[in-house]
Each structure stands twice: as structure tokens, then as C-alpha cells.
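Asks: Residue numbers (my numbering): 691 to 862.
Quick one: the structure is below, and I'll ask about it shortly.
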Amino acid sequence: CLRVEALGHVPDKIKTGEAYRKILESLAETYQYYENKKVDIQGLGVWNLKATSREIALWRKETYLPTITWADNFLIWADNQQFIERASERLAQVNSVSFSLKLVNQDEVDGLFDKAENSFKIASSENDEARNALNQKRPLGALVHTQASLKALAETYDAFFALQQALQNIAR
């Protein structure tokens, strides 16, 4: 399964999470279901084959598709972690630079830094909510929180760029 392969490539620290383990278990169960059905359908007559097909279709709708959605949203969330980490590092760097410089336009710099910091706090909080939703097997809730986290992360970087511009203007 492509998703199992993709899950194998997430960073090790993410692999220790509850959702990761549960998703792998669920994907293994879906694989086993199909393997069992392959054996079951051998030698079935037309009527039994139709009934089994309906059963598989219902199972796909109620079990397989939610599992795949859960795995996909986990992979999106897992990929987002690198951006959260980079923003955290950048925030720390900007903090040390902006506060070591006592500038003429310190209020403007402080305001932009506060904006970046507040946006990052929202991004981090939404990221935590996404992880909690994944751990509770609520993939759609996880997706909503991941999207909100990415939006707040974009706002964080907008503030970083504005701060960079302000510092460049002061240096001129």
C-alpha cells in the first residue's frame, strides 16, 4: 500500500505517536480484509457473489475510506511539522536579533515581532489540535486544524518578511 510506504518516511519522532501506530494497524486490517475476501469469493455463485460485492462496497464506504482519509490527513499533518519547527527556530532568531538591537523604530519592530509571535502561537495551537484529532481518529477535524495551522503559519511568515523589510529600511 502506498500509504504504508509513505508513513514509513515520516520522521522518527512522529512515528512514536499514537495516531501513527493506530493508522498502521488500521491499514493492516484493511489489507487483511481484502486478502480474506479474495479467498472467500472463490467458488461463489452469482447470487452469493452479488451479496459479497454489496458487503465489500458497504465496508469500503464505512471502514476503508475513513481509514484512508485518516492516513492521508496524518501525512499532511506530519509534513506540516517541518514548517512549524522552522518557524519556531526563525522566531527565536528574530527575537534575539530584534531585542539585541535598540532601534529608533523599536515600536514598529516590537509590533511586527508580536504579530509574528502571536500568529505562531495560533499555528502551534492549531497544530496541537490537529494531532489530538488524529489521535482520536477524527481525520476531518484534523484537516480543519491543519489548514488553520498553515494559515497562521503563513501569517507568521508575512510578519517575518515585514519585520525584515522594516529592519532593512532602518539600516538604510
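Note that CB positions come from ideal geometry on N, CA and C, so glycine has one too.
Predicted model, so just to flag it, every value in this text is computed and none were measured.
Judging by CA-CA distance, which residue of Asn817, Gln783, Gly735 and Asp804 is the nearest neighbour of Phe773?
Replies: Taking only the C-alpha atoms, the option nearest Phe773 is Asn817.
Asks: I believe Ile746 touches Lys727 by the beta-carbon criterion, under 8 Å. Please report the beta-carbon distance rounded to the nearest angstrom.
Replies: That pair is a contact at about 6 Å.
Asks: Beta carbon of Ala849, beta carbon of Val799: below 9 Å?
Replies: Not in contact: Ala849 and Val799 (Cβ atoms no closer than 9 Å).
Asks: Please go through the same chain and pick out, in chain order, the residues whose beta-carbon is closer than 7 Å to the beta-carbon of Ser809, but skip the five residues on each side of it.
Replies: These residues qualify, in order along the chain: Ala842, Glu845, Thr846 and Ala849.
Asks: Nearest to Gly801 by CA position, among Ser815, His699, Val784 and Ser814, is which residue?
Replies: Answer by Cα proximity: Val784.
Asks: Quick check on DSSP: helix, strand or coil for Val834?
Replies: If DSSP states are grouped into helix, strand and coil, Val834 belongs with the helices.
Asks: Can you tell me the Cα-Cα spacing of Ala832 and Asp769, whole angstroms?
Replies: Roughly 13 Å between the two C-alpha positions.
Asks: Measure the C-alpha to C-alpha separation of Glu779 and Ser716 and round it to an integer number of angstroms.
Replies: Cα to Cα, the separation comes out at about 35 Å.
Asks: What residue range is occupied by the uninterrupted alpha helix (DSSP H) comprising Thr753?
Replies: No alpha helix (DSSP H) contains Thr753, which DSSP labels as neither H nor E.
Asks: Measuring alpha carbon to alpha carbon, tell me which of Lys751, Leu781 and Gln837 ends up nearest Ala806.
Replies: Among Lys751, Leu781 and Gln837, the Cα nearest to that of Ala806 is on Leu781.
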